[in-house]
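For reference, the structure discussed in these notes is given below.
Residue numbers (the numbering used here): 975 to 1428.
Spelled out as structure tokens, the structure:
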């Protein structure tokens, strides 16, 4: 009976703790809703909408207007959190202080200790029950959670529209000072992050290794130019406009190309191209042989044109060959549709083609023997090293000449800014044929492991 006068106070404290707990749980509902709605797969959401789910339609409306949805969630979290803190600080602390004064050694600091205890309690409950637990549950069951909270959140979002507009306008006013504006729909995943996701999925076996390689090539393809994917001028087989039937027959049998540029005078003066199908029909005809009768117009592109744009344009024009020209109007090389596809899937060989010598041969010591005409981006991809690229070169041989500012001789050693060493193995006064690449110490280990796996 001695503690009877204190029982009503303790009952009040218990009731107020329950109120704070309820507010924290409401805060958790908002926090979990944000995670569930955002992480629910779009394809799955569309399936649910197509099946006639009204809840799914409500979730899709929230997803279609992320600014309003996320602002509504933040309003809910802020209002509920502030209410819980204010209620605890002004009410619960006042009720707790007299209880603490009952202990003589706490009497002098009862008010401060009561406030500190309430702040600690509210913070703990907010972190555990208001953030961590609901977000974890929302991640594990995003679909169920999103469908559960979607309709009420949709209604709350409509009610809060004026307040959302006011808050967005206010934040835009502040952000304008920094040259920015409120935006919740900006892409947040960089190409590097996508590449990391692809690598992790490939290593774990979730994605087939070959499919992962194609995905990686597709990411790189977006940054390639016509200069980087073209067949260089020195390797282009071209026919003169006045070529005889015998000359065309000899070149066709020797090289076996299905399409060849046609030039007039200089090789730089390309006037069109011919297909071997048309040429064979011409050779079998009884009339006078003339390439001009089967000449197709050339499609000229600049070196800086993006490969992805070139692919789209060649598809639109239904072309199989494009001529790349430099700033002086001379031919830099040619690009075929096959060249562009090979950038995505790797080398493609026809039945009659002889497999070429290995373009990159990994050595047990971690180095790699590379042919001089290999594109820089392909070597960088296969060796997992960043070799410098420049508008002045697109191949390993061009890189060596750019670093040396001359044609290096066999035995010369060049060093890239990243620390990779280029050892000239085979070269003539006019051409670099083979280069040995030694990777920087931090990257050589991966190459050695790859060589052992090969």
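Ideal Cβ positions, reconstructed from N, Cα and C, are used throughout, including at glycine.
Which residue comes first and which comes last in the alpha helix (DSSP H) that contains residue 1306?
Counting from one through the chain shown, the residue named residue 1306 turns up at place 332. Segment 1305–1310 is the beta strand (DSSP E) holding residue 1306; no alpha helix (DSSP H) there.
Is the separation between the beta-carbon of residue 1200 and that of residue 1281 shorter than 8 Å?
For the purposes of this step, residue 1200 is taken as the residue at position 226 of the chain shown. For the purposes of this step, residue 1281 is taken as the residue at position 307 of the chain shown. Contact flag set, yes.
Rounded to a whole number of angstroms, what is the C-alpha to C-alpha distance between residue 1271 and residue 1120?
Taking the first residue of the chain shown as 1, we reach residue 1271 at position 297. Taking the first residue of the chain shown as 1, we reach residue 1120 at position 146. Cα-Cα distance, rounded: 58 Å.
Within-8 Å CB hit, residue 1288 to chain D:
The structure shown contains no chain D, having only a single protein chain.
Which word fits residue 1237, buried or exposed, when buried means at least 16 other C-beta atoms lie within 10 angstroms of its C-beta?
The residue given as residue 1237 occupies position 263 in the chain shown. Label assigned to residue 1237: buried.
Beta carbon of residue 1263, beta carbon of residue 1218: below 8 Å?
Walking along the chain shown from the start, residue 1263 turns up at place 289. Walking along the chain shown from the start, residue 1218 turns up at place 244. It is a contact, given that the beta carbons lie within the stated cut-off.
Okay, do the region 1042–1052 and the region 1133–1142 touch, 3+ Cβ pairs below 8 Å being the bar?
yes
Through-space distance from residue 1355 to residue 1127, alpha-carbon basis
Position 153 of the chain shown, counted from the first residue, corresponds to residue 1127. Position 381 of the chain shown, counted from the first residue, corresponds to residue 1355. In a straight line, the C-alpha of residue 1127 is about 47 Å away from that of residue 1355.
Please report the Cβ distance between residue 1400 and residue 1382, rounded to the nearest whole angstrom; I am assuming they are in contact, meaning their Cβ atoms lie under 8 Å.
Here the question's residue 1400 lines up with position 426 in the chain shown. Here the question's residue 1382 lines up with position 408 in the chain shown. Contact doesn't hold; Cβ gap of about 11 Å is too wide.
Just verifying my parser: in three-state terms, what is the DSSP assignment at residue 1437?
Nothing in the structure corresponds to residue 1437, since the chain is present only between 975 and 1428.
Have a look at residue 1001 and residue 1179 and give me their C-alpha separation to the nearest angstrom.
What you label residue 1001 is simply residue 27 of the chain shown in a count that begins at 1. What you label residue 1179 is simply residue 205 of the chain shown in a count that begins at 1. Cα-Cα distance, rounded: 39 Å.
Are the region 1348–1364 and the region 1372–1382 touching by the rule of at least three beta carbon pairs closer than 8 Å?
yes
Kindly provide the ranges of any alpha helix (DSSP H) runs that are 4 or more residues long and lie completely inside the region 1213–1269, ordered along the chain.
1219–1229, 1250–1258
Spatial distance of residue 1312 from residue 1268 (CA atoms)
In the chain shown, residue 1312 corresponds to position 338, counting from 1. In the chain shown, residue 1268 corresponds to position 294, counting from 1. Each residue's Cα considered, the two are about 22 Å apart.
Tell me whether residue 1196 is buried or exposed, calling it buried when 16 or more other Cβ atoms sit within 10 Å of its Cβ.
Counting from one through the chain shown, the residue named residue 1196 turns up at place 222. Looking at its Cβ environment, which holds fewer than 16 other Cβ atoms inside 10 Å, residue 1196 is exposed.
How many angstroms separate the CA atom of residue 1098 from the CA atom of residue 1203?
Along the chain shown, one-based indexing puts residue 1098 at 124. Along the chain shown, one-based indexing puts residue 1203 at 229. So the two alpha carbons sit approximately 58 Å from each other.
Consult DSSP for residue 1300 and reduce its assignment to one of helix, strand or coil.
The sequence position of residue 1300 within the chain shown is 326, counting from 1. Of the three classes helix, strand and coil, the one that applies to residue 1300 here is coil, per DSSP.
Grab the span of the beta strand (DSSP E) containing residue 1196 for me, first residue to last.
Counting from 1 along the chain shown, the entry for residue 1196 is found at position 222. From DSSP, residue 1196 is part of no beta strand (DSSP E); its letter is neither H nor E.
What is the DSSP secondary structure of residue 1021, reduced to helix, strand or coil?
Here residue 1021 refers to the residue found at position 47 when the chain shown is read from its first residue. It is helical.
Rounded C-alpha distance that separates residue 1310 from residue 1206:
What you label residue 1310 is simply residue 336 of the chain shown in a count that begins at 1. What you label residue 1206 is simply residue 232 of the chain shown in a count that begins at 1. Whole-angstrom Cα-Cα distance: 12 Å.
Is the beta carbon of residue 1003 closer than 8 Å to that of residue 1108?
As a working mapping, residue 1108 is identified with position 134 in the chain shown. As a working mapping, residue 1003 is identified with position 29 in the chain shown. Against a cut-off of 8 Å, the Cβ pair of residue 1003 and residue 1108 comes out as a contact.
Can you check DSSP and say which residues form a bridge with residue 1345?
Locating residue 1345 in the chain shown gives position 371, counting from the first residue. Note: residue 1345 sits in a beta bridge opposite 1408.
Could you name the residues of the same chain whose beta carbon sits closer than 8 Å to that of residue 1403, not counting the 5 residues immediately before and after it, in chain order?
The residue labelled residue 1403 in the question sits at position 429 within the chain shown. 1381.
If residue 1234 and residue 1213 are in contact, beta carbons under 8 Å, what's the gap, nearest whole angstrom?
Sequence index remark: in the chain shown, residue 1234 carries index 260 (1-based). Sequence index remark: in the chain shown, residue 1213 carries index 239 (1-based). That pair is a contact at about 5 Å.
Helix, strand or coil for residue 1206? Go by DSSP, reduced to three states.
Taking the first residue of the chain shown as 1, we reach residue 1206 at position 232. Strand.
Could you check what DSSP says for residue 1390 in three-state terms: helix, strand or coil?
Along the chain shown, one-based indexing puts residue 1390 at 416. DSSP places residue 1390 in coil when its eight states are reduced to three.
CA-to-CA distance, residue 1085 to residue 978, given in whole angstroms
Stepping through the chain shown from its first residue, residue 978 is reached at position 4. Stepping through the chain shown from its first residue, residue 1085 is reached at position 111. For residue 978, the predicted model reports a pLDDT of 45, less than 50, meaning its position is unreliable; a value from the coordinates is still stated below. Cα to Cα, residue 978 sits roughly 23 Å from residue 1085.
Based on Cα-Cα distance, which residue from 1314, 1360, 1169 lies nearest to residue 1198?
As a position in the chain shown, residue 1198 is number 224, starting the count at 1. Answer by Cα proximity: 1314.
Using CA coordinates, which residue listed in 1244, 1245, 1243, 1266 is at the minimum distance from residue 1252?
Along the chain shown, read from residue 1 onward, the residue named residue 1252 stands at position 278. Considering only alpha carbons, the answer is 1266.
When the distance is taken between beta carbons, is residue 1005 closer than 8 Å to residue 1105?
Residue numbering aside, residue 1105 sits at position 131 when the chain shown is read from its first letter. Residue numbering aside, residue 1005 sits at position 31 when the chain shown is read from its first letter. In contact: residue 1105 and residue 1005 (Cβ atoms closer than 8 Å).
Residue 1276 - containing beta strand (DSSP E), residue span
For the purposes of this step, residue 1276 is taken as residue 302 along the chain shown, with counting starting at 1. Counting along the chain, the beta strand (DSSP E) containing residue 1276 begins and ends at 1274–1276.
Which residue comes first and which comes last in the alpha helix (DSSP H) that contains residue 1166?
Locating residue 1166 in the chain shown gives position 192, where the first residue counts as 1. First-last of the alpha helix (DSSP H) with residue 1166: 1165–1178.
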